[in-house]
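Just below is one structure, and these are the notes that go with it.
There are 2 protein chains.
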Amino acid sequence: MAGTPTQPTSRTRSWWGWGWTEAQPDDAECTAMGALLPGTLSRPLPVPRIRDLAIGSPAVEPPRSLAGLVSDEPRDRAAHAMGKAYRDVARALRGRPGRIPDLVARPTDDRGVADLLDWAGDRQVAVVPYGGGSSVTGGVEYRGDAHRAVMSLDLTAMGRVLEVDTEGRAARIQAGTPGPSLEDQLRPHGLTLRHFPQSFEFSTLGGWLATRAGGHYATGRTHIDDFVQSLRVVTPAGTSSSWRLPASGAGPSPDRLFLGSEGALGVITEAWVRLQERPRFKASAAVAFADFHDALRAVRTLAQSDLSPANCRLLDAGEAALSGSAQDGSAVLVLGFESADEPVASRLERAVDLARSHGGRYGGSAGPDGSPAGDAAVSAWRSAFLRMPYLRDGLARMGAVAETFETAATWDRIPALIEAVRTEIGEAALKATGHPATVNCRLTHVYPDGAAPYFTVLTAGRAGDEVALWDDLKAVAGEVLHRHRATITHHHAVGRDHRPGYDRQRPEPFALALRAAKGALDPRGILNPGVLVD
Amino acid sequence: MAGTPTQPTSRTRSWWGWGWTEAQPDDAECTAMGALLPGTLSRPLPVPRIRDLAIGSPAVEPPRSLAGLVSDEPRDRAAHAMGKAYRDVARALRGRPGRIPDLVARPTDDRGVADLLDWAGDRQVAVVPYGGGSSVTGGVEYRGDAHRAVMSLDLTAMGRVLEVDTEGRAARIQAGTPGPSLEDQLRPHGLTLRHFPQSFEFSTLGGWLATRAGGHYATGRTHIDDFVQSLRVVTPAGTSSSWRLPASGAGPSPDRLFLGSEGALGVITEAWVRLQERPRFKASAAVAFADFHDALRAVRTLAQSDLSPANCRLLDAGEAALSGSAQDGSAVLVLGFESADEPVASRLERAVDLARSHGGRYGGSAGPDGSPAGDAAVSAWRSAFLRMPYLRDGLARMGAVAETFETAATWDRIPALIEAVRTEIGEAALKATGHPATVNCRLTHVYPDGAAPYFTVLTAGRAGDEVALWDDLKAVAGEVLHRHRATITHHHAVGRDHRPGYDRQRPEPFALALRAAKGALDPRGILNPGVLVD
């Protein structure tokens, strides 16, 4: 729910941490945050410097015909070495980033992508597709040594909206288009994709498609998948271009094979996506619950109603306190409705009534139709939401371990799942560090048949050993999710960090089929090696 | 929109034609229908008899351990030789049905399915999965001679609802469960799947899943795909069982590979599907349009609104006349709203207002909330809809050629597409028969970005040569669809009849991936040979 970010005049993207360098917390802010978390360092780790990294010469050189598309500049290479998971930030802070790619390629069209893949296949060069670089699952790095060299394939030179069909509300958009630019280019047409993941400012359409990203809507069409009309994918075996169709029953969906393929089957270069009119009517409200289980029941009933809230986030007491939405131990349900079509105040009213009938307390007043959201808790939540990844990096500089992970499960499993994550991660962290961990939960998306809980884990680290502690806690999380048959990821993707959980969750015959498909499309095994299948 | 059919006391399924033998038109009715279509026969072809077919002995015998699951009874075999396309009916009427399977197997559990597949693989026996047998695309027959024998794998002995999760509104249901039985078993729980394809009475959950069937909803969740929580699929390479999840972003969706796989990758044996409360509020109305293009604009605007009608069928003048909905050359828009939650009269009113603002005329009165639909045109349409396949068979007995096919395209292509189908099929039929053909169109499902037109073609045949004429017209239709980039099928599936169009539509890299997946899951090539891939 990022909305459209304001654009400062001069900014630099951080090569090691989230977002803009200028927005990162300074030493004093880091120290103040650290003081709130027992067991962290007394002063922040220094901001890592590229000149301290051992960046060797590239192991390969591109042919002259492709040289114009390829950079071997050290800062460029360092900035493409990893995504933006806590694990990535911690590795950078400790001077042990992932494998620095030999080259960074920036093709400007499909021909360039195909040529780069051909060359890489001939030379056994691994190709890691890269959009905004905001992966939090190890999706954009190279691990291992089976390839002669590694090339990061940065799509951001393909960042245009190419065609807009205003009558049919769709647009053909290049994969490297970042969220804000995409919305900027659609705005003159009065249309919007309204896909706002937390990473919106720093992620691209291609990244959303390759990872089945979750976006704006808390109900209904939660994932980018549902907005895809057709895809164009360059594979080593040729270019796949599906027809623009509103729907089809012709065999298994070709697009659904590439959605979520994380660069392992091909490079998504463009898509026709479904758009909407910009909403004219909005209303939001926050409802507090003394009992989290009452809130769960309220949210389930809401998800099973016809009301379709655009926003329906349930924050547990810890999450509500952390974001400033409530400080009295209440859980908070943040509700939002929107429409381009008709006023939504009556739907909000019905939703609030429903929440009250399940024990919710409604104090604030809803924003009037057509105006921005009014409730203070809602505003507090939104600001905190956008600031969170920056704060995480500040805590990382204090040696804390911060992890967020999300999942989804059917309603019958939700209460025990949340309880088990809290207990088991908490115990593992306490045992490892001697300090109690904070484990908060919110529901980000809700369905008639289940929900997507999102967990935030905060704990003191083990100085110098933060990455290993993160790995241990991640393994505990994977175990809990598996035992409760909760998916290893609802919208963050599998990448490399979720492979153990993914491999156990995925039905074995599907793994056989996926491996065979990969063999057919990427016979030389150069595409993002290590994600999804080996 | 079949609703729940009434159950006569004693009925026999027709082995050669649609539905119940008792419901088929008699000779007098056939003759009367034929008289309306110039160039047809003067009296009906006789109802075909099984004893006139040359049914040889089975080429293989099952092992003793599987004998209890297998039938070689001639009527059983004849009834499983084909689906229920016009082409199938015409072949039966002319005494030239498709290849009669050697055996009909009726497993009662997954173990039985796996054992049958193992045995068939060892013996090079082709296995054709069979649900209700209502395929209209050649999906349940065998063509060719690459296999030693053919076994129809009838799933209807697996016809139970196994578990119901009332809190999470989902049920685990065996694939062989026919529509009416599925709803009967859910009714005591107060829940419904509300998936009502025209074939509802004679098709099964497994058939819907394997063919990505279209159902009740004209907007939003139009296909069975959206109701799938998890699938269980027995393949020659092992059993695939996905987790029950409300949503997931873990790699490409395993379920979406099997949805629409038409028995070529495995045998779907059960699914967890999402259910709903039974609707308590309903309202419907019909709006007439003098100009079909006005109606198209009205329907597009409706599809792009927040109104979400459950029914939104636009009948062109011919279709409206044929179904008795309007006799004055008007196009008719049949609208329906429903909810378990809240009255829908105001939504219907807004939809009617919107239609009027685009030139629609609203004469009848809407059914009051909670009562069955009231408008006479709506009722006329519903009765005709359910009776249509029977009438088609009556016309086939008069030597007429009757074809229905459906597609989907984006809004920008819809007007020219409909016009081209009308013109080109009409001309081809006139040239072939010397008689003008009837080509009617209705929109069955509508989307913000496009629509699904459904065409009905009626023409005199060429006595004795009806199948070849049908094939010629089908080829013309395929050409038109391809030229207009309209999908070869919106919900009828590919089968064997749509292979030429499907092969041209499907992106080649996806074909490579699908072929590889088939090779991995069905290495001996026994599963429904000829559909989707070779």
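In order, the protein sequences belong to chains Y and B.
For the first sequence, numbering that gives the first Met the number 0 begins at 0 and goes up steadily by one.
For the second sequence, numbering that gives the first Met the number 0 begins at 0 and goes up steadily by one.
For each residue, glycine too, the CB sits at the ideal point set by N, CA and C.
Given the structure is predicted, the values throughout are model-derived calculations rather than measurements.
If you draw a straight line from the Cα of Pro528/Y to the Cα of Arg396/Y, it is about 30 Å long. For Asp293/B, no CB of chain Y lies under 8 Å from its own CB, so it is not counted at the interface with that chain. CA-CA distance, Ala515/B to Ala236/Y, rounds to 13 Å. When the alpha-carbon of Glu269/B is set against those of Phe291/B, Asp224/B, Gly175/B and Ser356/B, the nearest one is in Gly175/B. Annotated as proximal: Leu429/Y and Pro435/Y, with beta-carbon spacing under 8 Å. Contact between Asn439/B and Leu313/B is ruled out by a C-beta separation of about 12 Å, above the 8 Å threshold. When the beta-carbon positions are compared, Val286/Y and Gly178/Y stay at least 8 Å from each other. As DSSP reads the structure, Gln173/B sits in a beta bridge with Glu269/B. Gly248/B is the residue among Gly248/B, Pro388/B, Ala66/B and Tyr453/B whose C-alpha sits nearest the C-alpha of Thr210/Y.
Gly206/Y and Ser382/Y have their alpha carbons spaced roughly 24 Å apart.
Beyond the five residues adjoining it in sequence on each side, Ser198/B comes within less than 6 Å, by CB distance, of Ser133 in the same chain, given in chain order.
Under the criterion of beta carbons closer than 8 Å, Val127/Y and Gly262/Y qualify as touching, at roughly 7 Å. In this structure, the CA atom of Thr300/Y is about 37 Å from the CA atom of Gly18/Y.
Judged by DSSP in its simplified three-state form, Tyr141/Y adopts coil rather than helix or strand. One Cα belongs to Met32/B, the other to Leu208/Y, and the distance between them is close to 53 Å. Ranking Lys517/Y, Val530/Y, Leu511/Y and Asp521/Y by CA distance to the CA of Ser239/B puts Leu511/Y first. Here DSSP, grouped into helix, strand and coil, assigns Gln504/Y to helix.
Note that the C-beta distance between Arg231/Y and Thr409/B is not below 8 Å. Between Arg93/Y and Trp14/Y, the CB-CB gap reaches or exceeds 8 Å. Taking C-beta atoms as the reference points, Arg346/Y and Leu306/Y count as a pair closer than 8 Å. From the listed residues Phe404/Y, Glu337/Y and Gln123/Y, the smallest Cα separation to Gly500/Y is found for Phe404/Y.
Taking a contact as a CB-CB distance under 8 Å, the pair Glu28/Y and Arg10/Y does not count as one, their CB atoms being some 18 Å apart. For secondary structure counted as the beta strand (DSSP E) over 3 or more consecutive residues, the region 47 to 114 of chain Y holds these complete runs in sequence order: 102 to 104.
Runs of the beta strand (DSSP E) lying entirely within the region 429 to 462 of chain B and spanning at least 3 residues, in chain order: 437 to 446 and 449 to 459. Taking 8 Å as the upper bound on Cβ-Cβ separation, chain Y lies near residues Asp411 of the region 411 to 425 of chain B. Counting along the chain, the unbroken beta strand (DSSP E) around Thr403/Y starts and ends at Ala399 to Glu405. DSSP, reduced to helix, strand and coil, places Pro128/Y within a strand of the structure shown. Looking at Asp183/B, Phe257/B, Gly393/B and Asp164/B, the one whose alpha-carbon comes closest to that of Pro43/B is Gly393/B. If you check the CB distance, Ala319/B and Leu334/B do not come in under 8 Å. As a beta-bridge residue in DSSP terms, Ser240/Y pairs with Arg231/Y. Taking a contact to require three or more Cβ pairs closer than 8 Å, the region 128 to 148 of chain B and the region 77 to 88 of chain B qualify as touching. Annotation for Ala309/B: His215, Tyr216, Ala217, Gly335, Phe336 and Glu337 place their beta carbon closer than 7 Å to its own, counting only its chain and skipping 5 residues before and after. By DSSP's assignment, Trp118/B forms no beta bridge with any residue. DSSP lists Val333/B as the beta-bridge partner residues of Arg312/B.
Proximity of chain Y to Trp242/B at the Cβ level (cut-off 8 Å) is accounted for by Arg484, Thr486 and Gln504, in chain order. In this model, Asp496/Y and Asp224/B are separated by some 30 Å (Cα to Cα).
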